[in-house]
Amino acid sequence: MLISIPPPPPAVGTEMNVAQWAIPLPQGDGLRWTDPREIHRVVVRFRGDAPSGVRLQYWSSRWPQQRLPRDREPGGGDVGWWELGNWHTGEWRDADTDVAVSGAEATITFRPVNRKEHPALRGFGATWRFTHQIRVIAPDASPPIESIAAFTASVWARETVRIVWARKPSASPRLEAFSGYVVEAVSAPDGRSCTVQLMAASSSDPNSFDRTLVTVRWGKRRFTFDVRDVRSGPLYVPELGAAVTTAGDARTYAEIARFHEAAGSSTLYRRVAVMPEQTWNGAWSAMPPKKSDIVFPMGLDGGRQRFCLHPSGAVEYRINNGFIAVRPGRDTDALARDGDRVVVGFGMPERPSFRTIDEGCLPICVTQWARDGVLYEQTAFVTALDGTRADRSAPDGDATAVCMVRMTARNGGAEPVQARLPVIVEGATVALDLSGMLTVDGRLRGHLITDTLPNLSETGPVWTWDLRPGESRTLELKLPFVTALTEPEVQRLMRLDFDTERTAVAAFWRSRMDAGMRLTTPEPMLTDFHRAHLGHLLINCEKEPGAQRRFARVGSFRYAAFGNESCMMVTDLDRRGLHREAEECLEAWLHYQGTVGLPGDFSTREGVLYGAGGYEHGGYNQHHGWILWCLVEHYRFTRDDRWLSHALPGILKAADWIIGQRARTLSRTDVARGLLPAGSLEDIGDWWPWLSTNCYTWRGLDAAAWALERARHPEARRVRKDADAYLAAIRRAFTEASELAPVVRLRDGRAVRKFPSHPYLRGRAFGWICETLEGAIHLLITRVLDPRSDAARAIMEDYEDNLFLSNQYGYTVPDFERQWFSLGGMSMQSCLLLDAEPYLYRDDVKHALRAIFNAIAVGYFPDVRMITEHVLPDYGSWRGDHYKTSDEANAAGWVRYLFVREEGDELLIGQAIPREWLSPGKECGVERAATHFGPVSVHYKATADSVTTTIEGAKRNPPKRIRVRFRLPEGASAGKVTVNGAPARMDAGGWIELRGDIGMAVIEVRLR
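To convert, note that position 947 of the sequence shown is 947 in the numbering used here; the numbers rise steadily by one, no gaps.
See the structure below:
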């Protein structure tokens, strides 16, 4: 099919026909764009007289219910979940149109979209359609379609720019316009500049996708610029020795370069390097205060019955019964009989005066409120109906859990006061019998113990106590998750003793935490969080009834097993040495492999790692690659050949799924050749061959090849060949895409190439999820690109300058110069994006510490030692499902990496320990950190004269070498260095090299 193109140049001010930059539909009856276009008019030309009865269909996705404003760029966290559409998910919709036929042409215009198509949208009468695709439906026996023109609201405008080079291009430059026309290009006599006249799109809509892009090619070099960007100043691209400026700017490249150097502007990346090193206290003190208190989840190790403790002391439970019904257990039938959501409260204020957890890490919450001269205190935790014993393993996942609550009212003043304590079941009237049984409409809700009788109110019992100075009264309440109990179970509930269970529960969790890696820092908040997080992990890693499997749920109540995020949890279990629990989580994916497919253009679900017995969640296409990588990562931690032999059939099936799906794109001729077929992203249902999906899928395939090679499997060579070919395809596709996407300007005036979030994009994606959370940084996290390369640095500079702190892609701050350092360096899901990893790979320690400390501090709630999922809508807020153990696992991993990190066949110790932590009198380190080489312990101790580290190295399969760093306090310098008493050498970076099999080592660095 030919596309009608007005003979260039079109007249200034005429409507823009965007058909030339569309992809013809295979049937020749329509057009498809890589970005959505706002189509106002369509002209169809036939090879003969245009028939009557022509109809137009457009591809309908989220529009018009979800639509971009036309007068401003939308910002804020919520727009990150908007979807602009794609070629796969949606439906063809008949447009409500007027059709005028004249000769061979049918001109189609749109009636208001709310007239017939969407009558509920009373205030939105758009006479255009926002879509990725249109197609013409002509009556049978109509003449063939000769061309289709599609006009938008944009008009043509004349633009002139100059392109200048540092030196004359070795080959004659070629110019190509997208959504525009190159009218004329005239080179200067010396060949080092070129004046280009263009017809470019002009629109008052800041969100219009009618953007004129110009690609400049010479030899093997090429880059693209957006004509609109030139208006705000020269696009200076020193990486390529080129610049683009306005026609009136007669400067040479050298003059533009000198101007930028003289301006003295700097990227945030460079500014971080010269700033004082970020500290935990610096990050924490700079954060805006929390606007409200967060909920506190409680449950058993591996149990699926969880309670949500609110800051008011109210206990909410039976929130997640849908998941319990998916995998039937002993609790399923009882909850079917009586399983409604329950909220039990005590009339306390929403904001407590004090809250903490026992020992700073145990899931036993103590909350206080002060009201009318009375101090109310609540202690709450969860035990099993059969009680808890520290010397006994956790009960089955379907064991009945009981929330134990003690409420105490105390008069801490000098005068008598009256305390008032109601027991309220939301939406119900509570009855209390003489045995202490709390019921609603005859259904058990709990067992209550106190020594006085209550008054009765319309909603239930209320205790009123007249308290003398120093006097207190107590009420205890036991709330079983399963309330349809048998008589023997009721008796067991009544026998549960609060103090006995509190002691036992504390001992149980203490023993669980003591068994794994122990981390110590000079910062109690970080030390407590790292230890407490293990409890969060074990509560969320839910045991499957009747099986030795766990589902790594990333949220305690609403979120189930999101494969990619669940793997973050499993990896942290392995880092801590809890390999059995990690294996139980992995076994769920192996057992249910191939049972559920991923949402995408895939031909089969055979071999897919996603299904989890109904607990699979999210449908993110990167799940498969993440889980495949995580299976192999578990083997790297354990070197358990028996387990690898068990897992290899599933690993090979998963690898073959990737190879088979890639094979379906190898015959393509477009930029996505050799990538995984299109599918959904994280929280975004639009199907594209997303960058992050391909990065993590390749990483999984690469890991599978390594595991097969380790096992000397006969398929190892084949899988390795495909993994290497996949890597080459990703690099080719996204390098090409970066050359066709417009360069982006940094804060120092330079412009750099931008790797788009999928290869069809000609620029940035929409919203912070697609652009920041799932953007180019994953090329570095997965090492698809060398993290130490210039391209990697440009990616990180773009993130810091344009994404983390921005209107559409990150947070905004009221005082940029004062706040950028401590409120930047993180995404709007601060601990999900692994942005610290590239900095560690690059050994940009200052950048890594800022990223880590800021990301943890912004979402950290120190009273309950947990991190929120989203700090939204702004700083100080919280949102999401909690515990959000995937995000917390990343944060815990970052703190571990400060002390111990694997780098290929090397072990790095102390790479990023904050200098402040090695100041005199401080100690820090890790005990029993599981690594790819075996358990490792490290302890740093600083005095006024020296810093000493004691290392217990890995013995199982020692690394090739160990590198130990001493990041001495500012102003200190190293003197004599010894290893086990013998002189040693420290390099300029503070590194000391040891044999990988050294075992025990004591390194002392004397200070000058």
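All C-beta atoms in this analysis are idealised placements derived from N, C-alpha and C, irrespective of residue type, glycine included. A quick note: this is a predicted structure, and the numbers were derived from the prediction, not measured.
{"Item": "Secondary structure of Lys291, DSSP reduced to three states", "Value": "coil"}
{"Item": "Check: Gly613 C-beta below 7 Å from any heavy atom of the ligand ADP", "Value": "For the structure depicted, the ligand ADP is absent and the ligand set is empty, with no information on it obtainable."}
{"Item": "Residue closest to His882, alpha-carbon to alpha-carbon, out of Val895, Asp874, Ala314, Arg865", "Value": "Arg865"}
{"Item": "Contacts around Ala851, its chain only, beta-carbon distance under 7 Å, and the 5 residues preceding and following it disregarded", "Value": "Gly825, Met826, Asp835, Ala836, Tyr839"}
{"Item": "Residue(s) in a DSSP beta bridge with His939", "Value": "Gly925, Thr950"}
{"Item": "As assigned by DSSP and simplified to three states, the class of Ser154", "Value": "strand"}
{"Item": "Euclidean distance between Cα positions of Val405 and Ser937", "Value": "39 Å"}
{"Item": "Alpha carbon of Asp844 to alpha carbon of Asp801, nearest angstrom", "Value": "17 Å"}
{"Item": "Coarse secondary structure for Pro480, derived from DSSP in three states", "Value": "strand"}
{"Item": "Close-in-space but distant-in-sequence residues of the same chain around Ala50 (CB under 6 Å, 5 per side omitted)", "Value": "Val101, Ala104, Glu105, Ala106"}
{"Item": "Burial state of Pro416, where buried means 16 or more other Cβ atoms lie within 10 Å", "Value": "exposed"}
{"Item": "Burial state of Leu666 (16 or more Cβ within 10 Å)", "Value": "exposed"}
{"Item": "Those residues which DSSP pairs with Leu444 across a bridge", "Value": "Thr439"}
{"Item": "Beta-carbon proximity check, Ala532 vs Cys541, cutoff 8 Å", "Value": "no"}
{"Item": "Reduced DSSP category for Lys543 - H, G, I as helix; E, B as strand; rest coil", "Value": "strand"}
{"Item": "Opening and closing residue of the alpha helix (DSSP H) in which Glu888 lies", "Value": "885 to 899"}
{"Item": "Collapsed DSSP secondary structure at Ser738 in the structure displayed", "Value": "helix"}
{"Item": "Spatial neighbours of Ala171 in its chain, beta-carbon cut-off 6 Å, leaving aside the 5 residues before and after", "Value": "Trp218, Gly219"}
{"Item": "For Asp640: DSSP bridge partner residues", "Value": "Note: Asp640 sits in no beta bridge, so no partner."}
{"Item": "Any beta strand (DSSP E) of 3 or more consecutive residues that is wholly inside the segment 322 to 382", "Value": "342 to 345, 354 to 357, 365 to 371"}
{"Item": "Residues near Ser692 in its chain [Cβ-Cβ closer than 8 Å; skip 5 each side]", "Value": "Gln622, Leu681, Glu682, Ser757, Glu774, Gly775, His778"}
{"Item": "Identity of the residue in Ala126, Ala414, Arg221 nearest Thr152 by Cα", "Value": "Ala126"}
{"Item": "Spatial neighbours of Ser142 in its chain, beta-carbon cut-off 7 Å, leaving aside the 5 residues before and after", "Value": "Phe46, Pro51"}
{"Item": "Sheet register partners of Asn17 (DSSP bridge)", "Value": "Phe151"}
{"Item": "Closest residue to Leu375 among Phe381, Gln418, Gly387, Val402 (Cα-Cα distance)", "Value": "Gln418"}
{"Item": "Assigned secondary structure, Ala751 (DSSP; H/G/I helix, E/B strand, else coil)", "Value": "strand"}
{"Item": "Nearest neighbour of Ala370, chosen from Glu359, Glu350, Ile364, Leu385 [CA to CA]", "Value": "Glu350"}
{"Item": "Range of the contiguous alpha helix (DSSP H) that encloses Phe124", "Value": "Run containing Phe124: none; DSSP gives neither H nor E here."}
{"Item": "DSSP state of Pro6 mapped onto helix, strand, coil", "Value": "The predicted position of Pro6 is uncertain, since its pLDDT is 42 and thus under 50; a value taken from the coordinates is nonetheless stated next. Coil, per DSSP."}
{"Item": "First and last residue of the uninterrupted beta strand (DSSP E) at Val979", "Value": "974 to 979"}
{"Item": "Per-residue burial, Asp441 [other beta carbons within 10 Å of its own, 16 or more giving buried]", "Value": "exposed"}
{"Item": "Alpha carbon of Arg468 to alpha carbon of Pro488, nearest angstrom", "Value": "41 Å"}
{"Item": "Alpha helix (DSSP H) segments (min. 4 residues) lying fully within the segment 804 to 886", "Value": "816 to 823, 836 to 842, 845 to 859"}
{"Item": "Continuous alpha helix (DSSP H) stretch holding Pro1031: start and end", "Value": "Examination of residue 1031 is not possible in this model, given that the chain is present from 1 through 1008 alone."}
{"Item": "Distance, Ala930 Cα to Gly180 Cα", "Value": "57 Å"}
{"Item": "Lys291 to Ala11 span [Cα, whole Å]", "Value": "56 Å"}
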